[in-house]
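**Q**
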Amino acid sequence: MPKFLRLKLANPELIYSRAYWKCQVVLLKEEIYLKKCKINYLLRIQTNFYEELRGLFPEGVMKRIDFIIDEVQLKEQETKYRRHYRKFNNLLNAIYIQQQRRENFRKFLNEHPMNQIIKNIDDNDNAHNNPDNDESTVNDANANGGNNSNDNDNNDESEPKLVWNLSDRELTEEEVYVLEKGLSSNRRGTINHFEIISNVEYLFYQSSSVRKEQTSFQKLDEDPDDLKAATEKFFNEAQQSFNRNRNTTLDDKHEEQLLRNLSKDPSIVTTRPDKGKGVVVIYRADYIEKLERILSDTSKFRLVEKDPTGCREAALTSLLRRMKNEEYLTEQEYRFVKPVGSIPARLYGLPKVHKVNTPLRPIVSCVQSYNYRLGKFLADIIKPLRDSKYSFKNNDGFLKFLKQNSSLSTNKMISFDIESLFTNIPVGRTIDIICYKLYCTDPKLRLYIPEHYFRQMLEYATKWTHFLFSGKYYDQCDGVSMGTPLAAVFAETFMTDFEQKHLPGILDGRAPKLLAWCRYVDDTFTIVRPDEDGDQVRDLLNIFDPCIRFTVTPEVNDTIAFLDVMVKRNNKGFNTIVYRKETATKLMLKWNSLIPTAYKKSSIYPLVNSYSKFNGYPSNFVQSIINKQLNKYYQTKTKENLIPTTSTEIKYRYIRIPYVGKLSYVYSKKLLSIIKRYDPIAQVRTTYNTTNQTRRHFPTKDQLKPNQKSGVVYQVSCSNCIKTYIGKTIRQSYRRVNEHEKDVVKALIFIHQASSIIRKRKTIKQHLNTIKGQLISHNPKILPLSNPPQNENLLHHHNTFR
2 MPKFLRLKLA NPELIYSRAY WKCQVVLLKE EIYLKKCKIN YLLRIQTNFY
52 EELRGLFPEG VMKRIDFIID EVQLKEQETK YRRHYRKFNN LLNAIYIQQQ
102 RRENFRKFLN EHPMNQIIKN IDDNDNAHNN PDNDESTVND ANANGGNNSN
152 DNDNNDESEP KLVWNLSDRE LTEEEVYVLE KGLSSNRRGT INHFEIISNV
202 EYLFYQSSSV RKEQTSFQKL DEDPDDLKAA TEKFFNEAQQ SFNRNRNTTL
252 DDKHEEQLLR NLSKDPSIVT TRPDKGKGVV VIYRADYIEK LERILSDTSK
302 FRLVEKDPTG CREAALTSLL RRMKNEEYLT EQEYRFVKPV GSIPARLYGL
352 PKVHKVNTPL RPIVSCVQSY NYRLGKFLAD IIKPLRDSKY SFKNNDGFLK
402 FLKQNSSLST NKMISFDIES LFTNIPVGRT IDIICYKLYC TDPKLRLYIP
452 EHYFRQMLEY ATKWTHFLFS GKYYDQCDGV SMGTPLAAVF AETFMTDFEQ
502 KHLPGILDGR APKLLAWCRY VDDTFTIVRP DEDGDQVRDL LNIFDPCIRF
552 TVTPEVNDTI AFLDVMVKRN NKGFNTIVYR KETATKLMLK WNSLIPTAYK
602 KSSIYPLVNS YSKFNGYPSN FVQSIINKQL NKYYQTKTKE NLIPTTSTEI
652 KYRYIRIPYV GKLSYVYSKK LLSIIKRYDP IAQVRTTYNT TNQTRRHFPT
702 KDQLKPNQKS GVVYQVSCSN CIKTYIGKTI RQSYRRVNEH EKDVVKALIF
752 IHQASSIIRK RKTIKQHLNT IKGQLISHNP KILPLSNPPQ NENLLHHHNT
802 FR
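Residues in the sequence shown are numbered from 2 upward in steps of one, following this note's numbering.
(1) Nearest-angstrom Cα distance between residue 783 and residue 674?
(2) Quick one: Cα of residue 714 to Cα of residue 561, how far?
(3) Kindly indicate which three-state DSSP category residue 516 falls into: helix, strand or coil?
(4) Where does residue 141 fall in DSSP's three states?
(5) Spatial neighbours of residue 1 within its chain, please: C-beta separation below 7 Å, excluding the five flanking residues on both sides.
(6) Using a Cβ distance threshold of 8 Å, determine whether the stretch 292-309 contacts the stretch 723-741, with at least three qualifying pairs required.
(7) Rounded to whole angstroms, how far is the Cβ of residue 702 from the Cβ of residue 366, which I believe are closer than 8 Å?
(8) By Cβ distance below 7 Å, which residues in the same chain neighbour residue 336 in space, the five residues on each side in sequence not counted?
(9) In terms of DSSP beta bridges, what is residue 392 paired with?
(10) Please report the residue range of the beta strand (DSSP E) in which residue 659 lies.
(11) Cα separation between residue 320 and residue 340?
(12) Alpha carbon to alpha carbon, how far is residue 374 from residue 449? Give it in angstroms, no decimals.
(13) Please name the residue or residues paired with residue 821 in a DSSP beta bridge.
(14) Hey, quick one: how far does the alpha helix (DSSP H) through residue 382 stretch, first residue to last?
(15) Just the Cα atoms here: how many angstroms apart are residue 444 and residue 528?
(16) Quick one: Cα of residue 89 to Cα of residue 184, how far?
(17) Under a Cβ-count criterion, where at least 16 other Cβ atoms within 10 Å of its own Cβ denotes burial, should residue 425 be classed as buried or exposed?
(18) Would you be able to state if there are at least three C-beta pairs under 8 Å between the stretch 420-435 and the stretch 304-320?
(19) What residue does the beta strand (DSSP E) around residue 50 start on, and which one ends it?
(20) For the alpha helix (DSSP H) that residue 496 lies in, which residues bound it at each end?
(21) Drop a sphere of 10 angstroms on the beta-carbon of residue 294, count the other beta-carbons inside from all chains shown, and report buried for 16 or more, exposed for fewer.
(22) What does residue 690 pair with, by DSSP beta-bridge criteria?
(23) Below 8 Å, can you find three or more Cβ-Cβ pairs linking the stretch 686-700 to the stretch 230-242?
(24) Tell me, which residues are paired with residue 477 by DSSP?
(25) Compute the distance between the beta-carbons of residue 551 and residue 542, then report whether it is under 7 Å.
(26) Exposed or buried, residue 757, counting other C-beta atoms within 10 Å across all chains shown (16 or more means buried)?
(27) State buried or exposed for residue 9, treating a residue as buried only when at least 16 other CB atoms are found within 10 Å of its CB.
(28) State the start and end residues of the unbroken beta strand (DSSP E) segment that holds residue 366.
(29) Would DSSP call residue 219 helix, strand or coil?
(30) Which whole-angstrom value describes the C-beta separation of residue 304 and residue 468, a residue pair presumed to lie in contact below a C-beta threshold of 8 Å?
(31) With a CB to CB cut of under 7 Å and the five nearest residues on each side skipped, what residues in its chain are close to residue 555?
(32) In whole angstroms, what separates the C-alpha of residue 728 from that of residue 207?
(33) Let's test the definition: count the other Cβ atoms within 10 Å of the Cβ of residue 92 and tell me whether it reaches 16, buried, or not, exposed.
(34) Check this for me: beta carbons of residue 595 and residue 189, under 7 Å apart or not?
(35) Are there 16 or more other CB atoms within 10 angstroms of the CB of residue 668, so buried, or fewer, so exposed?
(36) Applying the 10 Å Cβ sphere with the 16-neighbour rule, what's the burial state of residue 344?
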């Protein structure tokens, strides 16, 4: 209770009475009611004042007033948040101390000699009353070999396996030690000075008054000295930190050398397992052979002679432009969906180490492919169709299902799994289901896009998906691949339609085959009658659709594992405990890995009770995460009672800084303080990137050719002189170079036409073909720039000609 409700009474014993507690509750409710009335009154006054100000000032001034009000409110909320957070932590500490005292007192009573005497007397009385217990105890002891020690001593978990070596290459102890840290482990690496300078310059370019005045960037002659000094200081201190930690740096260099030697072995592929965390070393020949065996299914995949990215990008752009001209797409939607600088999707596989013969799960990396953004755009439209009363999103939904069906706990539990759901989804039928539900069922779901246009967009996003593997291009004729934006949505939509059509017939009726059914993606949990045969139910389910094949897993000793839950039934209901699969390795980010602390915090949020000790996290660090999570839990409950604010959308600017330890945080604060001087209302956020993760040594996807890359800064050299041209492009580099070649040809034609020496057209053409390849290089040099395309403006303006 708050301090103002701690009333002083003449009789202190009344403090523990129920009347005193009821009085406090009544006063607290009255205080809350008065506060709400006061808030409503102030809100009405605020609204009236705001309307008067809107009539007096123009819109630009009102936006500035709104921003100031929001900033003041934000500071006030942060102050209150810190105050309540401190009070809440103090309360937690007090509760913890009180619990410790109770536990110590209980332990003291249990270990007291008098308590042991009383316990022996009670045991003797029970032995006289129940003589059969002695025999059963002796028999249990003999059955266990006379060992009466604690069960925990006999059931210690073996150390989890973190590295699976499926090749004949013998890994040394040092190599195994490095790989056991995981592919996410990061070590000290080289700082890319050019990248940092480019990021800082671009941030200053955004925040300076020169940009707001829309003047030329080349007029910005003077760089701020303090910004330059802060960056140079960061470089120097980072180098000094490396020198001071020479022992750690030498260890990192040694690990780097081990990983480099391992990556140079062309006969193996190093990747992560399909489930859980760890490292798998597999023969490259086996890796390619297993994926090619999957691609040999001609009903699902088709070999393509050459890369179709360019022509499909042009065809999709033509369709989107036509839809925009007919006003079926807004300008913002068109810019989001329109493909520019597309690259082919790439296939890779993850070994299923928990299965026989270690099959691979194929995954397609579709980022920056020509239909990737189209898939994300369509996924948001289709999401309402995936909702089903039989499916749930997480373990909480499953636990709620068990609670609702606790009366069925006397029946049998069976789990059904769908074989290769994603690759067996019939794309054509699923598109028909989506279009029917959007355009023919619920008028609220009907789109403003005509059905024939929407169907073409779905076909481009699914049927016309190609990818690159082992230097060959493949089309996916049917099914959807994991990694594509529409894979999960298509699978859920198809299974929702399957359940709506077929489940009512076997769940309802006088003698239903199934008593209850729930599903998470391709795993289902069902309850059937005790006399029901699981194989017969499986055969019945497999009859409904030829594309879907179910496998059955029955319960064992009234117990079954489903997702991360172990369910045991009894006459009163279902008991659940946490279940860890065989693939669980307890591996996460190591504490000594050079990774920002925020990433380490997020890695132990869901595992704070289980795996923190295994990876060597300090207890005080873990306790701070627990307090933060509890604070978030209580904060969400009170969020509805906060005063609503009329805030405008805040646009953040981002800057990327390599993480080298605490120096990165200091440098970030210094940068933000300097930027605030040039743009006081700037909202800048810092992201920290790791520079030397283990996974960078072991790429599993096909490497793109230099001319296939897009969003790059390129350099073209002239063979007749020392001049070089540096330019940028968001499209494929080969397209931009072809345009340069055409410009050169046009210029040469103009020069030769103006000349009186060469007059015959045939001679001009032969001469151009001879010198064309000498002036422009067909393989331009791609400069290292790992920033967004807008950052390329700086390099382009600084280095147009050298």
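Glycine included, every Cβ here is placed at the ideal spot set by N, Cα and C.
**A** In terms of the structure at hand:
(1) Distance between the alpha carbons of residue 783 and residue 674 is about 34 Å.
(2) Going by the C-alpha atoms only, they are around 57 Å apart.
(3) coil
(4) Note that residue 141 has pLDDT 43, beneath the 50 cutoff, so the model's placement of it is unreliable and the number below is only indicative. Here residue 141 sits in helix by DSSP.
(5) In the structure displayed, the chain extends from 2 to 803; residue 1 sits before or after that span and is not available.
(6) no
(7) 6 Å
(8) none
(9) Looking at the DSSP assignment, residue 392 forms a beta bridge with 520.
(10) 654-659
(11) 11 Å
(12) One alpha carbon belongs to residue 449, the other to residue 374, and they sit about 19 Å apart.
(13) Examination of residue 821 is not possible in this model, given that the chain is present from 2 through 803 alone.
(14) 373-383
(15) 36 Å
(16) 38 Å
(17) The residue in question, residue 425, is buried, as its Cβ has 16 or more Cβ neighbours within 10 Å.
(18) no
(19) No beta strand (DSSP E) holds residue 50; the alpha helix (DSSP H) holding it covers 19-57.
(20) 488-508
(21) Counting of Cβ neighbours within 10 angstroms places residue 294 among the exposed residues, the total staying below 16.
(22) 659
(23) no
(24) 302
(25) yes
(26) Because the pLDDT of residue 757 is 49, which lies under 50, any placement of that residue in the model is unreliable, and the question is left without a value.
(27) exposed
(28) 361-366
(29) With a pLDDT of 42 at residue 219, under the threshold of 50, the predicted position of this residue should be treated as unreliable, though the coordinate-derived value follows. Here residue 219 sits in helix by DSSP.
(30) Incorrect: roughly 12 Å between the Cβ atoms, too far for contact.
(31) 415 and 535
(32) The alpha-carbon atoms of residue 728 and residue 207 are separated by roughly 21 Å.
(33) exposed
(34) yes
(35) buried
(36) buried
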